[in-house]
Ligand code: ASP
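In the numbering used here, the protein residues as written are 1149 to 1381.
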C-alpha cells in the first residue's frame, strides 16, 4: 500500500505581486480538494481532476474561468490527463465553451478510442457525457483583459504578465500515479495556437513505475524537448 501524495501547481512563469496571495490560496484549496479524494481511498485520476477543477473555477489562474486571451480577446483552452498505470491519456484542444477542460480530457481518454480531440468532435463528447458548457463572457475576466492590455503595449508573443497554467500529479494508495494539466495558453496567442499542454510528454506525463510531471512555462520551448517526459527519464 502506497502513501498517497498530491502536488499541485498554479503555474510558475510570471506571477505579479498583486496575484501572489490569491495564487497561494487557490493552490491550497485545490490541494485540499485532491487530498480529500486520496484520503477517502479515491484514485489518483479522481484526485488530479478534483484539484484541477478548483483551479479551473478560480479566476486567478490561466485555466477555465480567467484563462488568458488570444489576439482576438477570446479564450481557447487545452487540457491533458494521463494515467500512469495504463499509460492511457486524453487531451482536449482549442476549447471555447467547456467549463472543465480536464473533465473532457478524461472522457476522451476513457470513453473514446482516441487520445486527442478538438472542434466539433470534442464538443460532441462533452455533450454526450453531460459536461457543463460556459460562455466566453463568463470565461473572460477583467484580470485577463488587463493582462491583454498590458501585453498589447509590447505585443511580445510568448511573454507572460500574470496568471498561469495549472496542473498536478497524484499518487494513490494503490500506487497509481496520474498527471493533469489545463491552460488557456499564453496571452496574445494567435487564434488556433496549440501549446505544449495537450501534448503527451510535453504538458505532462505519468508512469506509475517512475513518477509524474505537469509542466508550466513557454509552451513552444517545452515542446521542443518533450520536457515532461525528459524529466522522468
Ligand atoms: N505552457 C503553457 C502554454 O504555453 C503556458 C503556461 O504554462 O503558462 O500554453
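Yeah, the Cβ is synthetic: ideal placement off N, Cα and C, and Gly gets one too.
If you're wondering where the values come from, they're calculated on a predicted model, not measured in any experiment.
ask   = Quick one: does the C-beta of residue 1161 sit closer than 7 Å to a heavy atom of the ligand ASP?
value = For residue 1161, the CB falls within less than 7 Å of some heavy atom of the ligand ASP.
ask   = Going by the beta-carbon positions, is the gap between residue 1199 and residue 1229 smaller than 8 Å?
value = For residue 1199 and residue 1229, no; Cβs fall outside 8 Å.
message = Taking 8 Å as the cut-off, does the segment 1284–1299 touch the segment 1189–1197 (at least 3 CB pairs, one atom from each stretch)?
response = No: the two stretches stay apart, fewer than three of their Cβ pairs being nearer than 8 Å.
query = What is the residue span of the beta strand (DSSP E) that residue 1362 lies within?
reply = It spans 1359–1362 - the beta strand (DSSP E) in which residue 1362 sits, taken as one unbroken run.
message = Let me check one thing: in DSSP terms, what residues is residue 1281 bridge-paired to?
response = 1246, per the DSSP bridge assignment.
inquiry  = Just to confirm, is the Cβ distance from residue 1334 to residue 1250 under 8 Å?
reply    = Taking 8 Å as the Cβ cut-off, residue 1334 and residue 1250 do not qualify as a contacting pair.
key: Contact check, residue 1360 vs residue 1327, beta carbons under 8 Å   = One thing to note: residue 1360 has its Cβ within 8 Å of the Cβ of residue 1327.
message = Assuming residue 1370 is part of the alpha helix (DSSP H), what are its boundary residues?
response = Unbroken alpha helix (DSSP H) run through residue 1370: 1367–1373.
inquiry  = Under DSSP, the beta strand (DSSP E) around residue 1316 begins and ends at which residues?
reply    = Start and end: 1314–1319.
inquiry  = Report the CB separation of residue 1282 from residue 1245 in whole angstroms; it is logged as a contact under 8 Å.
reply    = That belief holds up - the Cβ atoms of residue 1282 and residue 1245 are roughly 6 Å apart, short of 8 Å.
key: Helix, strand or coil at residue 1149 [DSSP, three-state]   = Residue 1149: coil per DSSP, three-state reduction.
key: residue 1370 Cβ short of 7 Å to the ligand ASP heavy atom set   = True, at least one ligand heavy atom lies under 7 Å from that Cβ.
ask   = Residues in its own chain within less than 8 Å of residue 1284 by CB, not counting five upstream and five downstream?
value = Cβ contact annotation for residue 1284 (same chain, cutoff 8 Å, sequence separation greater than five): 1222, 1223, 1244 and 1245, in chain order.
Rounded C-alpha distance that separates residue 1206 from residue 1339 = Near 23 Å, if we compare the C-alpha coordinates of residue 1339 and residue 1206.
ask   = What are the partner residues of residue 1157, as DSSP defines its beta bridges?
value = Its beta-bridge partners are 1315.
key: Check: residue 1366 C-beta below 7 Å from any heavy atom of the ligand ASP   = Short note on residue 1366: C-beta closer than 7 Å to some heavy atom of the ligand ASP.
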